[in-house]
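Heads up: the structure comes next, in C-alpha cells.
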Amino acid sequence: MTAVYVQLSYIDLAIASVLLLLAGGLSIALNLGLEKSLGIAALRTTVQLSLIGLVLKILFTLVSPWWTGLAALTMILLAGREVTARQNLRLRGGWSYSIATTSLITAGGIVTILALTTAIRPEPWYDPRFALPLLGMMLGNTLTGISVGMERLSATLKREKDAIEARLVLGHTRRDAVRPYVREAMRAGLMPIINAMSAAGLISLPGMMTGQILAGVDPTEAVKYQILIMFLLAGTTSIGALMAVLATSWRLGDERDRLRLDRLRAR
Amino acid sequence: MLSVRNLKRLSIGPIDLDVAGGEIIALTGPSGVGKSLLLRAIADLDPNEGDVSLLGDDRDTMDAPDWRKQVMYVPAHTGWWADTVEPHFAGLERARVKNTLQRLDLESTALGWQVANLSTGERQRLALARALAHVPKILLLDEPTSGLDGDNAARAEKLISDIAQDGAGVMFVTHDAAQAERLGTRRLYFYDGKLQEAAP
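Residue numbers (the numbering used here), protein chains in the order written: chain A, 1 to 267; chain B, 1001 to 1200.
Written out as C-alpha cells, the structure reads:
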C-alpha cells in the first residue's frame, strides 16, 4: 500500500466554510444570538492557526535549541495562564499561577524530554518538529488535570470548612483533616485522562492518530504512536495534578495546622 | 491555668486574660463584636499574635494539635466528617464516651445514628460530648446551649459545671444574661475588641 497524502487547496477550505455559514444561518433563524461569536471564533481560529503555521515553519527550519526552548516556555506560560483563568477560586498573591506553571514545567518538561530522548529519539533530540507538538499535547491534557484538581480542592475545602475545622479543634492534624479532599481532588483531576484512555479506539479516534492516518501513515504504526502518547499523557497529567493539588493544599494551610481559606478569593 | 497576654488578631485586642482551673467565665457582648474570633484565636485557629500559655508552657513550643487537644474550642455550629456519629468518637475511651452521652440524655445507640438525620439539639449535644470525651484542660464553648430546649440546656449546664468542678477551666459565650449569671463564676464583657469585667 502506498501512502497517499491529499493536499488541501484554499478552495477546499472555502467550501468547508459553507458549513460555517449554515451554522450562522441557523443561529439567526433560531434567534440564538450566536452568529457574531461564531464569526469571531472562526476568524480567530483561521488567523491563530495560520500564524502558528508560519511560526512552526520557521522554527522547523531553524532547529535551534534556543528558539525551540523559547517557544516551549511561551507555551507553558500561556498554559499556566489558562489554568488560572479557569479557577473560580484563586489563591491570593499570584499563587494559583505560580503553582500551575511550576507543575506544568515540571510534569510537561520531564515527560516530554523523557519521550524525546528514550522513545522517539529524533536527531537532535530537541528537534522542534517533534518537541513542540509533543509538548503541546502534554500541556493541553495536563492543564485540564491541574485546573480541575486545583478548582476541586479549593471548592471542597471551602465547602467542608466546618467539617475540617471540627477535626482541627479536636487535635487532628491538618494533613489528616484534609486528606479525603486531597484524594477527591486528585481523582477529579485524573478522571478525564482515564476516560480518554478508556474511550480511545471505541468511541473516539484520537486526533493525533487520525492526523497520521490522513497523512498516509499505516494505521498500526499510527496506533503505536498513539498508545505511546496516551501513556505519556497519563504520566504527565498524574505528576502535574499531584504537584498542583498538594501545593494548593499546602498553601491553604500553615505551620500551626490551620485552614487558611483567607488565602482564597473568589474571581 | 491559661494565660493570655497581649493577644491580637485583626480587629481584636490587645487582650489579657487568665482562666483558672475550676473557673467558669461567661463571656457576653453585642453580636458581631468578635467573641467567637477571640475563642478561635486562643485555640490558634486563625493567625494571631501574643503570648499564650497553659500551665506555664508556651503555646508556640507545642504542636498546634497538642495545644488544641488541651485548649478545646467547641463552635456553636460544628461540622461532621463522616456519615454516622461513631467515627467522630474514634480513638476515645469507650466508657467515658458512654458516660458523657448519658449525662446529656443521649442513648449510647446515638453512636450508630446517621449525621444527616440529627436535629440541631442532638448535633449540639453530640458536639459537646465529642469535645468533653477528650478531657481538655480548658474548654472554650461558643453558645453551648443555643439550640437546646430547657431540660437539655439544664443538663448541659450541669455537665459544664461538673467538668469545672473536676478542675477544668471553662469560658463560654452566651447571649442569655440569666445563663451568664447562673453558670458563670465570673463574667466578662467584650466590646470594641477589648475585654472588661462585667459589673457583679
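Ideal placement from N, C-alpha and C gives every residue a C-beta, glycine not left out.
query, result
"Quick check: what's the CA-CA separation for threonine 248/A versus glycine 189/A?", "13 angstroms"
"Under 9 angstroms between C-beta atoms, does methionine 1/A make it to chain B?", "Annotation note: pLDDT 47 at methionine 1/A (below 50); position unreliable, coordinate value reported separately. Not one chain B Cβ lies under 9 angstroms of methionine 1/A."
"Can you tell me the Cα-Cα spacing of glycine 1021/B and valine 1074/B, whole angstroms?", "18 angstroms"
"Measuring CB atoms only, is the region 76-83 of chain A touching the region 141-154 of chain A, in the sense that at least three cross pairs come out at less than 8 angstroms?", "yes"
"With DSSP as the reference, identify every bridge partner of lysine 1194/B, one or two as the case may be.", "Tyr1191/B"
"For the alpha helix (DSSP H) containing proline 1014/B, name the first residue and the last one.", "Per DSSP, proline 1014/B belongs to no alpha helix (DSSP H); it is in the beta strand (DSSP E), 1012-1019."
"Is it buried or exposed for methionine 1/A, if we count other Cβ within 10 angstroms and need 16 for buried?", "Bear in mind that the predicted position of methionine 1/A carries a pLDDT of just 47, short of 50, making it too unreliable to give a figure here."
"Assess, as a yes-or-no matter, whether the region 1047-1060 of chain B is touched by the region 1005-1016 of chain B under the definition of 3 or more beta carbon pairs within less than 8 angstroms.", "yes"
"Cβ of aspartate 12/A less than 9 angstroms from any chain B Cβ?", "no"
"I want to see whether chain B comes within less than 9 angstroms of leucine 259/A, judged by CB atoms only; does it?", "yes"
"Exposed or buried, what is aspartate 1142/B when buried is set at 16 or more other beta-carbons lying within 10 Å of its beta-carbon?", "buried"
"Straight-line CA distance for lysine 1194/B to threonine 1185/B?", "20 angstroms"
"Write down every uninterrupted run of the alpha helix (DSSP H) in the region 1075-1154 of chain B whose length is 4 residues or greater and which is fully enclosed by it, in chain order.", "1094-1103, 1120-1132"
"With a threshold of 6 angstroms on Cβ separation, who are the neighbours of valine 18/A within its own chain once the five nearest residues in sequence on each side are excluded?", "none"
"Can you pull the chain B residues whose beta carbon is under 8 angstroms from the beta carbon of aspartate 218/A, in chain order?", "Simply none; closest approach about 54 angstroms."
"Would you decide whether leucine 50/A is buried or exposed? Buried here means 16 or more other CB atoms lie within 10 Å of its CB.", "Before going further, note that residue 50/A is serine rather than leucine in the sequence given. By the 10 Å Cβ count, serine 50/A comes out exposed."
"Taking histidine 1175/B as the reference, which of Leu1002/B, Val1004/B, Leu1027/B has the closest Cα?", "Leu1027/B"
"Please list, in chain order, the chain A residues whose beta carbon lies closer than 8 angstroms to that of methionine 1171/B.", "Here the premise fails: no neighbours, minimum Cβ distance about 14 angstroms."
"Pull up the CB-CB distance for glutamate 184/A and threonine 156/A, whole angstroms please, since I reckon it's below 8 angstroms.", "6 angstroms"
"Starting from the beta carbon of threonine 1078/B, find every residue of chain A whose beta carbon is closer than 9 angstroms, and list them in chain order.", "Asp162, Ala163, Glu165, Ala166, Val169"
"If you draw a straight line from the C-alpha of tyrosine 151/A to the C-alpha of leucine 89/A, how long is it?", "A quick correction: the sequence has glutamate, not tyrosine, at residue 151/A. Roughly 7 angstroms between the two C-alpha positions."
"So with Cβ pairs under 9 angstroms, would you call threonine 156/A a contact of chain B?", "no"
"In terms of residue numbering, what span does the beta strand (DSSP E) encompassing aspartate 257/A cover?", "Careful: aspartate 257/A lies outside any beta strand (DSSP E) and carries neither H nor E."
"Is threonine 1028/B helix, strand or coil by DSSP?", "strand"
"Suppose the cutoff is 7 angstroms on Cβ atoms and the five residues either side in sequence are ignored; what does the same chain contact list for leucine 135/A look like?", "Ala72, Met75, Gly108, Thr112"
"Starting from methionine 150/A and walking both ways along the alpha helix (DSSP H), at which residues does that stretch end?", "128-159"
"Let me check understanding here. Comparing Cα to Cα, which of Ala41/A, Leu54/A, Leu170/A lies closest to glycine 1091/B?", "Leu170/A"
"Within 9 angstroms (strictly less), CB to CB, does alanine 1116/B reach chain A?", "no"
"Measuring only the C-alpha atoms, how far is glycine 1112/B from arginine 1040/B?", "30 angstroms"
"Could you tell me which uninterrupted alpha helix (DSSP H) segments, each at least 4 residues in length, are contained entirely in the region 31-91 of chain A, listed from first to last along the chain?", "35-62, 65-85"
"In chain B, which residues lie less than 7 angstroms from arginine 256/A when you measure between Cβ atoms?", "Asp1044, Ala1064"
"What's the gap between the Cα of proline 192/A and the Cα of valine 182/A?", "17 angstroms"
"Suppose you measure from the CA of isoleucine 269/A to the CA of threonine 46/A; what does that come to, to the nearest Å?", "What is shown of chain A runs 1 to 267, which leaves residue 269/A out entirely."
"Is the Cβ of alanine 177/A closer than 9 angstroms to any Cβ of chain B?", "yes"
"Please check if any C-beta of chain A sits within less than 9 angstroms of the C-beta of arginine 1094/B.", "no"
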